[in-house]
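Novice:
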Amino acid sequence: DATSMLSQYWSGWREVGVGVSGIGPAGVGLLGLASWVLFGSTELLRDLLILGLFPVGLIGMWRLLTPIDSIWGRVVGTTLYATLPLPYNALLQGEWGILLLLAATPFVMHRVARAYRVSPYGGHSRSIFGEIASLGLLLALVSAYEPLILMFPLVAGLVLALTCFGGAAVRSAARGSAVVLGAVMLSLLMHLPWLAVLGESDVALHHFLVRSSAQEPIAASELLRFLPGAFGDSWILWCPLFVSVLPLLVGREKRLKLAVIAGLITVAGFGLCWTSGRGWLGDLLGREVSLGSGPLVFAAVGLCWSAGMAPSVFKRDAFLAPSIVRRTAALVSCASLLAAACFLLYESADGRWGAPTNDLRVALSLLDDRDVGPSYRVLWLGAPEVLPLRGTPVGTGNLHMGTSVRGYPDIGHQWHSAPTHAYQQLENAVEIGLSGNTTRMGRLLAPFGIRYVALVKRSTPSFSAGVAAPVEPRVRQALGSQLDLRPLATDPSVVVLLNESWMSSRSQFSEPVRLVGLDEPGELVVTDLSTGIPVLNDRRSSREQRGFVGRGEVLVSESFDANWRLFVDGQNVAPELSFGWAMRFESPSEGPAALWHSRPDSVADRAVIQIVLWLVVAQLALSERRRQRSIAGPV
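Offset between the sequence shown (1-based) and my numbering: plus 5.
1) According to DSSP, simplified to helix, strand and coil, what is Ser418?
2) Are the region 581–589 and the region 545–555 in contact at 8 angstroms, needing three or more beta carbon pairs?
3) For Leu342, does the count of other Cβ atoms within 10 angstroms reach 16, so buried, or fall short, so exposed?
4) Nearest to Leu308 by alpha carbon, out of Ser328, Gly57, Phe231?
5) Just to confirm, are Leu165 and Val215 a CB contact at a threshold of 8 angstroms?
6) Which residues does DSSP pair with Ser583 in a beta bridge?
7) Starting from the Cα of Lys462, find the closest Cα among Glu505, Glu390, Arg611 and give me that residue.
8) Among Leu35, Val573, Ser464, Ile28, which has the Cα closest to the Cα of Phe2?
9) Would you report the Cα separation of Ser26 and Asp566, rounded to the nearest angstrom?
10) Helix, strand or coil for Asn577, going by three-state DSSP, please let me know.
11) By how many angstroms is the C-alpha of Arg570 removed from the C-alpha of Gly600?
12) Can you tell me whether Gly17 is buried or exposed? The criterion is at least 16 other CB atoms within 10 Å of its CB, across all chains shown.
13) Which value, in whole angstroms, describes the spacing of the CA atoms of Leu144 and Trp586?
14) Near Ser509, which residues of its chain fall below 7 angstroms by C-beta distance, leaving aside the five closest residues on each side in sequence?
15) Pull up the distance between the alpha-carbon of Phe134 and that of Thr47, whole angstroms please.
16) Apply the 10 Å Cβ neighbour rule to Gly485 and answer buried if 16 or more other Cβ atoms are within range, or exposed otherwise.
17) How long is the line joining the alpha carbons of Leu43 and Gly37, rounded to whole angstroms?
18) For Glu20, I'd like the list of residues in its chain whose CB is within less than 6 angstroms of its CB, leaving aside the five on either flank, ordered along the chain.
19) Taking 8 angstroms as the threshold, find out whether the region 299–318 comes into contact with the region 80–89 through three or more Cβ pairs.
20) Taking DSSP as the reference, what is the three-state secondary structure of Ser295?
21) With a cut-off of 8 angstroms on the beta carbons, I'd call Leu386 and Leu460 a contact; round off their distance for me.
22) For the alpha helix (DSSP H) containing Ala149, list its first residue and its last residue.
23) One question on the structure: do Ala345 and Thr88 come within less than 8 angstroms of each other, judged by their Cβ atoms?
24) Helix, strand or coil for Arg131? Go by DSSP, reduced to three states.
25) Counting Cβ pairs, one atom from each stretch, are 3 or more of them under 8 angstroms apart for the region 466–474 and the region 491–506?
26) In whole angstroms, what is the alpha-carbon distance linking Leu502 and Leu167?
27) Pull up the distance between the alpha-carbon of Ser12 and that of Val189, whole angstroms please.
28) Secondary structure at Met114, three-state DSSP: helix, strand or coil?
29) Contact between the region 91–110 and the region 53–63: three or more CB pairs below 8 angstroms?
30) Work out the CA separation of Leu140 and Arg116 for me, nearest whole Å.
31) With a cut-off of 8 angstroms, do at least 3 Cβ pairs link the region 613–631 to the region 189–207?
32) Rounding to the nearest angstrom, what Cα-Cα distance links Asp322 and Leu263 in this structure?
33) Under a Cβ-count criterion, where at least 16 other Cβ atoms within 10 Å of its own Cβ denotes burial, should Gly24 be classed as buried or exposed?
34) Decide if Trp420 is buried, meaning its Cβ has at least 16 other Cβ atoms within 10 Å, or exposed.
35) By the 10 Å Cβ neighbour count, where 16 or more other Cβ atoms means buried, how is Pro327 classified, buried or exposed?
36) Assign Leu493 to one of three DSSP states: helix, strand, or coil.
Structure below.
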């Protein structure tokens with residue numbers, strides 16, 4: 006709900022991994038604010054953000070093509086944008102980031118073209134600071150969820166700078182470059198508190214440059230057809246390429262220049278996707294780079310931008326071309342657009358575009374206690390494309406892991422956390438268990454409060470269409486050989502294991518248990534912690550739990566943070582280190598108690614500074630928009 010999302014941003018504590026302190030990502034706070042504006046209707050917000058993004062992208066494409074002097078150009082470009090398979094496959098595969106890029110990229114390209122004063126987008130006076138604020142605000146909003154958007158204006162700016170000739174054009178290029186670089190830097194500054202939480206620069210760069218792990222090389226035929234999947238796997242998807250050819254063959258003067266710019270943007274998008282999939286981009290930069298299918302959105306916008314020039318070019322420049330070239334190009338373009346549009350209507354007949362009709366909610370119902378009972382965690386294993394949260398690589402291959410508290414993960418688990426010593430210990434425990442070097446993996450996971458292990462192999466039940474990501478046999482064998490991980494009856498798409506050595510993440514022991522030295526895996530394997538008694542079962546929030554505790558040690562399976570306190574018998578008890586990473590509190594007596602986390606002043610200060618910065622930038626952008634509402638003239 007809205008309160009939970011705002012709390013994850015503001016409270017200073019997030020239940021990601023094994024718990025992490027610090028300010029939350031701005032994206033969570035923005036979602037909480039949007040939910041609050043909709044009177045707490047998170048379901049309505051979810052539907053709007055899934056089904057409403059692509060129509061916004063169509064509006065953006067229409068707006069991008071508005072300065073062109075032919076309304077038919079807007080119709081052609083927008084229609085072609087709607088026929089591409091990218092949004093429909095994104096719905097099928099659950100790639101919300103692609104939908105967001107499809108919605109935002111046309112608006113970004115429009116602002117970049119105006120910044121560089123590309124004809125017909127230039128010719129009007131605008132404040133450079135207002136342009137930086139407008140583009141920076143847009144980039145900051147989108148990069149809160151999909152950082153790949155920051156690459157698009159930089160690449161587009163490079164293309165525009167390379168196509169500028171003459172003194173005035175060079176001055177426009179210098180001005181446009183200043184706007185683009187300033188906007189990108191401003192958007193990064195608006196997320197600086199969150200970037201600081203990520204810690205080292207390598208972690209932040211990984212967050213920006215790795216959008217899909219273990220990306221497979223993409224065949225050229227699929228790349229040029231925009232990755233047709235369950236929707237649109239047909240030869241007809243070659244047609245959009247032919248629609249954009251006419252302006253390049255027939256165009257002259259400024260119309261040809263704009264078509265060339267759009268064509269170079271298309272080539273750049275294809276090139277980024279191609280080189281990333283083959284690892285060449287990573288070799289060039291000397292680090293892991295996996296951009297997924299995101300650059301294809303950049304290519305799609307360039308393709309439709311070029312196609313939108315076709316009616317204007319045919320009207321003004323066609324008579325200059327040879328008759329055979331003119332007629333052939335026009336016939337091929339019109340036939341291709343008609344074929345693509347008809348194919349879209351055919352594939353959209355059922356209104357689902359091949360999307361599944363079922364999910365894993367029933368199969369995973371055993372994991373969710375509806376916030377009733379003792380506190381626990383769920384360990385999720387699987388490929389990133391089928392996991393319900395953003396995980397981290399573990400072992401070899403494409404296996405990733407992540408954790409959630411008391412059942413399903415929420416939206417806050419879609420953002421990386423800063424690497425902590427506690428989470429590294431959990432990764433080590435999982436790697437030892439999957440390596441086959443122990444048959445007591447459950448005991449290794451017990452100190453982390455992990456009650457269930459979910460091995461996800463498909464995004465949907467076995468009887469429904471969806472994304473399949475088979476798990477390596479060695480992983481299944483390693484989990485199947487564990488003596489304290491008991492499989493539960495579920496759908497074949499997901500394997501759920503119950504940890505019989507589980508200890509609640511808020512526990513006490515009725516009899517003394519030797520806890521010294523239990524930070525080593527060898528000691529944990531021979532120690533049974535399942536006798537722990539769950540305490541503090543009244544969960545008020547991620548930062549506050551209440552309940553009855555006895556006298557003695559209270560173990561809390563969260564990353565050690567000195568801002569936690571246990572209030573019992575009128576005393577505030579500070580935490581001590583346990584297991585080498587967790588916390589324990591020495592309760593002076595038995596009775597009602599409250600465990601709570603106090604937000605550090607530094608978190609509140611950073612949040613206030615970030616909120617003020619966002620408000621100032623938004624005010625600058627809105628003020629500039631109110632002052633400048635003129636539209637560029639026709640070509």
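Backbone N, C-alpha and C define an ideal beta-carbon position, used for all residues, glycine too.
Specialist: Well, looking at it:
1) Walking along the sequence shown from the start, residue 418 turns up at place 413. Note that residue 418 corresponds to His in the displayed sequence, not to Ser. Of the three classes helix, strand and coil, the one that applies to His418 here is helix, per DSSP.
2) The way I'd put it, the region 581–589 doesn't touch the region 545–555; fewer than three beta-carbon pairs between them come closer than 8 angstroms.
3) Working through the sequence shown from its first residue, we reach residue 342 at position 337. Classification of Leu342: buried, given that the 10 Å Cβ count is 16 or more.
4) As a position in the sequence shown, residue 308 is number 303, starting the count at 1. From the listed residues Ser328, Gly57, Phe231, the smallest Cα separation to Leu308 is found for Phe231.
5) On the sequence shown, residue 165 is found 160 positions in, with the first residue counted as 1. On the sequence shown, residue 215 is found 210 positions in, with the first residue counted as 1. The answer is no: Cβ separation not under 8 angstroms.
6) Taking the first residue of the sequence shown as 1, we reach residue 583 at position 578. Ala587, per the DSSP bridge assignment.
7) To locate residue 462, count along the sequence shown from 1; it is residue 457. For the residues Glu505, Glu390, Arg611, the minimum Cα distance to Lys462 belongs to Glu390.
8) With the chain represented from 6 up to 640, any question about residue 2 goes unanswered, as that position is not in the structure.
9) Stepping through the sequence shown from its first residue, residue 26 is reached at position 21. Stepping through the sequence shown from its first residue, residue 566 is reached at position 561. Taking the straight line joining both Cα atoms gives about 8 angstroms.
10) Within the sequence shown, residue 577 is the residue found at index 572, counting from 1. Residue state for Asn577 is assigned as strand, using DSSP reduced to three classes.
11) The residue you call residue 600 lines up with position 595 of the sequence shown. The residue you call residue 570 lines up with position 565 of the sequence shown. Correcting the residue type first, residue 600 is Leu in the shown sequence and not Gly. Answer to the nearest angstrom: the Cα atoms are 6 angstroms apart.
12) As a position in the sequence shown, residue 17 is number 12, starting the count at 1. Flag for Gly17 reads buried.
13) Taking the first residue of the sequence shown as 1, we reach residue 144 at position 139. Taking the first residue of the sequence shown as 1, we reach residue 586 at position 581. When rounded, the separation of the alpha-carbon atoms in Leu144 and Trp586 is 38 angstroms.
14) For the purposes of this step, residue 509 is taken as residue 504 along the sequence shown, with counting starting at 1. Cβ neighbours of Ser509 beyond the five flanking positions: Pro379, Ser380, Tyr381, Gly454, Gly537, Pro539.
15) Along the sequence shown, read from residue 1 onward, the residue named residue 134 stands at position 129. Along the sequence shown, read from residue 1 onward, the residue named residue 47 stands at position 42. Rounded to whole angstroms, Phe134 to Thr47 spans 36 angstroms at the Cα level.
16) Here residue 485 refers to the residue found at position 480 of the sequence shown. Exposed is the call here.
17) Counting from one through the sequence shown, the residue named residue 43 turns up at place 38. Counting from one through the sequence shown, the residue named residue 37 turns up at place 32. Roughly 10 angstroms between the two C-alpha positions.
18) On the sequence shown, residue 20 is found 15 positions in, with the first residue counted as 1. Excluding sequence neighbours, Glu20 sits near Val410, Ser547.
19) The region 299–318 is in contact with the region 80–89.
20) Taking the first residue of the sequence shown as position 1, residue 295 is located at position 290. Strand.
21) Here residue 386 refers to the residue found at position 381 when the sequence shown is read from its first residue. Here residue 460 refers to the residue found at position 455 when the sequence shown is read from its first residue. Their Cβ separation, rounded to whole angstroms, is 5 angstroms, which keeps Leu386 and Leu460 in contact under 8 angstroms.
22) One-based indexing of the sequence shown puts residue 149 at position 144. No alpha helix (DSSP H) contains Ala149, which DSSP labels as neither H nor E.
23) Position 340 of the sequence shown, counting from 1, holds the residue named residue 345. Position 83 of the sequence shown, counting from 1, holds the residue named residue 88. Taking 8 angstroms as the Cβ cut-off, Ala345 and Thr88 qualify as a contacting pair.
24) Residue 131 sits at position 126 when you count from the first residue of the sequence shown. The answer is coil: DSSP assigns Arg131 none of H, G, I, E or B.
25) Between the region 466–474 and the region 491–506 there are three or more C-beta pairs closer than 8 angstroms, enough to call the two in contact.
26) Taking the sequence shown and counting its residues from 1, one reaches residue 502 at position 497. Taking the sequence shown and counting its residues from 1, one reaches residue 167 at position 162. Their backbone Cα atoms lie some 57 angstroms apart in a straight line.
27) The residue you call residue 12 lines up with position 7 of the sequence shown. The residue you call residue 189 lines up with position 184 of the sequence shown. For Ser12 and Val189, the distance between alpha carbons rounds to 28 angstroms.
28) Stepping through the sequence shown from its first residue, residue 114 is reached at position 109. Helix at Met114.
29) Pairwise C-beta distances place the region 91–110 in contact with the region 53–63, as three or more of them are shorter than 8 angstroms.
30) For the purposes of this step, residue 116 is taken as residue 111 along the sequence shown, with counting starting at 1. For the purposes of this step, residue 140 is taken as residue 135 along the sequence shown, with counting starting at 1. Cα-Cα distance, rounded: 7 angstroms.
31) When Cβ pairs closer than 8 angstroms are counted between the two stretches, the region 613–631 is seen to touch the region 189–207, the count reaching three or more.
32) For this step, residue 322 is matched to residue 317 along the sequence shown. For this step, residue 263 is matched to residue 258 along the sequence shown. One C-alpha to the other measures close to 14 angstroms.
33) Position 19 of the sequence shown, counting from 1, holds the residue named residue 24. Gly24 comes out buried.
34) Here residue 420 corresponds to residue number 415 of the sequence shown, with the count starting at 1. That one is buried.
35) For the purposes of this step, residue 327 is identified with residue 322 of the sequence shown, where counting begins at 1. Looking at its Cβ environment, which holds fewer than 16 other Cβ atoms inside 10 Å, Pro327 is exposed.
36) Position 488 of the sequence shown, counting from 1, holds the residue named residue 493. Under the three-state reduction of DSSP output, Leu493 falls in the strand class.
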